[in-house]
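In our numbering, the protein residues as written are 6 to 776. To keep things clear, I will list the structure first and then write my remarks on it.
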């Protein structure tokens, strides 16, 4: 037995630093050997698009390597090497499970690795990331899936077709849409055949997918079209996701009412067979990959549904705080009239709607408060045409801090909207454009006002992050935002988050969230004697769990006001909203006589002046200094509500993802095998999410199964560890967080070995703190 292996397995009966270091060397040596053997395996077999026999070889390979790491004695490991061993074993176990599940039969993206092998889809555009040679193998596997009745739903398949047709055949689609004939139609197959630039193997795959694969699906039928076509007129009565190319709209592959109402659209409705695989087996491994734990689909659904229904308590407390601030007492009726469009982009008009948020006996009507939170002025670009007058336009275009944002909008194909009075929903495209600039301004303000406070909780400082927007053609199906080396948001007024979500959303994606976590692991990765297995872990439950954990930590860190440290509820309403470290941190005054003119001006214009105006409640402002403090307090309450609403979104995700895809027993409010409309109704009833947010999110969960459940799984795990560490030190919440060295130590342990599976993360935290 080689010396390093003998040390790692036995340690010669000793425990000292040399043994720990040598064991670390053995692990890195073995990992590099694993990589070498894996490369050789990939040369011999196709591990990304394997046949059934090739899958068996891969399964055997992972089984052998798990056994090797099982032999290492735990006492020879420190925190870092424990992260390596436990992380690798869990990763290899998930890899083995993916091949055993036969996810290849629905296009599992196995080249994405054990953290990203979701079925090829339009959300991540993995359907467009297939090489010609891979396309032939993928087609073979999908055909095998057809033979085993393992096929995606027709609604999902059509979404994928829309994606690759827009991506690969835009030239052919533009040629089809142009010309004097305004009423044209063409089969999708002919559009594909006309291309002279797309590789023939890719074209063959695309034709197979449009024809044979779409027709083979027996569930989630939706429109159930005999022959897929594109049209220059909306003959299919599409409601969403028509193809848009350079000002032209092409119909035929968007979502119709039948698509939105279709049941059985998810993975769990795949019938399959016990000899190959079933929808249940496929979704089970997707859940395992997403959560890195062993929760069943029913358990995830139940916990998501229950937390959704119980989380309304703090929302009601925030609503009471808003009512008290605006009205001036705790009992008077509050019945505001708002500008409201419940249908978002498809809405025909904005109506004046009178609400009763607080009744005469002081009770809160939470459903009316949800509507109030979705009034038009809370969305960038929907404040009203009179807001974007010549003065405002000149101000935005002349702002030197927005010069790069103006260029970005041009590069991302938004500039054509700039002068257009054409209707877009209930606004104009011109309002859309300048609303996008207002949003850029808001997110830059967040960065400027919070980044240093965020940095103060970390042992090491990462570089400043960049802010970008989605490409125009991808905005309607890309969600509200993401992190991809930079913070990216959706500038569309109907698919973006409201202004009161700026703090929680930006914190999630940037500092302290994704940007901090991802860059930290790259730049400050822990090593043993200069050796490391690398920043190899990339689990969604950790990455998204971290970002949601940081959303919560924003409350603890005072981004919204003074936290209620005495409460057992970590999300409890802050005891004061008068001062914050968030977007109102520019206000230093605590008394009205100390308010400065620049603070008044900043508050007047923050997010288009929405907080200033609402705080006035229709009355003339007679004391601007006093009103500045009142408006800042309202801002902080609403931003806190944004954090609650985003947390509620993640509660709902665990329920709705499983309602789409899981093998569950649902209920009247959220049934099993749910339709897109079922999901939207549940989300609308239980949150103040905007219609655009709900629209894009519901399609995301359908097209990219499993990923969305990971957020709360990771967050809950990290919050439990945070609580356990705090209590082990005998410290109150206040004492623990205000001694930033405590926080720096804890967050460093979480971050320094990368995005681990959650079991491995829990193990290293307990080891470090001797829990």
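Note that beta-carbon positions come from the ideal geometry of N, C-alpha and C, so glycine has one too.
- Assignment of beta strand (DSSP E) within the segment 462-511, counting only whole runs of 3 or more residues, yields 472-474, 486-488 and 492-494 in chain order.
- Judged by DSSP in its simplified three-state form, residue 543 adopts strand.
- Proximity to residue 14 across 73, 55 and 63 peaks at 73, based on C-alpha coordinates.
- Contact between residue 514 and residue 492 is confirmed by a C-beta separation of about 5 Å, below the 8 Å threshold.
- Residue nearest to residue 370 within the set 352, 392 and 317 is 317 (criterion: CA-CA distance).
- When DSSP assignments are scanned along the segment 157-231, the uninterrupted stretches of beta strand (DSSP E) that are 3 or more residues long and fall wholly within it turn out to be 190-192.
- By the neighbour-count criterion, in which 16 or more other beta carbons inside 10 Å mark a residue as buried, residue 331 falls on the buried side.
- Rounded to the nearest angstrom, the Cβ distance from residue 699 to residue 689 is 6 Å, consistent with a contact under 8 Å.
- The criterion of a C-beta distance shorter than 9 Å is not satisfied by residue 297 and residue 32.
- Annotation for residue 234: the continuous beta strand (DSSP E) segment containing it runs 234-236.
- By the C-beta density criterion, residue 8 is exposed, having fewer than 16 other C-beta atoms within 10 angstroms.
- Secondary structure of residue 358 (DSSP, three-state): strand.
- Within the segment 315-375, the complete beta strand (DSSP E) runs of at least 3 residues fall at 342-345 and 356-359.
- The beta-carbon separation of residue 557 and residue 576, rounded to 7 Å, stays under the 8 Å limit for a contact.
- The way I'd put it, the segment 587-600 does touch the segment 627-644; three or more beta-carbon pairs between them come closer than 8 Å.
- By the C-beta criterion, the segment 431-438 is judged to be in contact with the segment 375-391, since at least 3 inter-stretch pairs fall below 8 Å.
- Using a Cβ distance threshold of 9 Å, residue 170 and residue 230 do not count as a contacting pair.
- According to the DSSP assignment, residue 253 belongs to the beta strand (DSSP E) that extends over 253-255.
- Shown here for residue 384: same chain residues with a beta carbon closer than 6 Å to its own, the five before and five after excluded, namely 498 and 503 in chain order.
- Contact between residue 533 and residue 29 holds, with the beta-carbon distance rounding to 4 Å and staying under 8 Å.
- The residue from 530, 396 and 649 with its alpha-carbon nearest to that of residue 574 is 649.
- Apart from the 5 residues on each side of it in sequence, residue 132 sits with its Cβ closer than 7 Å to the Cβ of 125, 126, 165, 168 and 169 in its chain, given in chain order.
- For residue 111, there is no enclosing beta strand (DSSP E), as DSSP marks it with neither H nor E.
- Relative to residue 730, the option among 382, 750 and 42 whose CA is nearest is 750.
- Separation of residue 76 and residue 411 (C-alpha to C-alpha, rounded to the nearest whole angstrom) is 58 Å.
- Residue burial annotation: residue 627 is exposed, with fewer than 16 other C-beta atoms found within 10 angstroms of its C-beta.
- Boundaries for residue 533: no beta strand (DSSP E) harbours it, and the DSSP string shows neither H nor E there.
- In this structure, the beta-carbon distance from residue 252 to residue 478 does not fall below 9 Å.
- Apart from sequence neighbours up to five positions away, the residues of its chain that approach residue 450 with a beta-carbon distance below 7 Å are 588, ordered along the chain.
- By the C-beta density criterion, residue 37 is exposed, having fewer than 16 other C-beta atoms within 10 angstroms.
- DSSP places residue 250 outside any alpha helix (DSSP H); the residue lies instead in the beta strand (DSSP E), whose first and last residues are 248-250.
- Across the set 273, 22 and 83, the C-alpha of 83 shows the shortest separation from the C-alpha of residue 771.
- Non-local beta-carbon contacts of residue 460 in its own chain, meaning distances under 6 Å to residues more than five positions away in sequence, involve 466 in chain order.
- A Cβ-Cβ distance of about 6 Å is found for the pair residue 774 and residue 733, placing them in contact under the 8 Å criterion.
- Relative to the Cα of residue 173, the nearest Cα in the group 154, 242 and 211 belongs to 211.
- Contact between the segment 601-618 and the segment 559-573 is absent, with fewer than three C-beta pairs closer than 8 Å.
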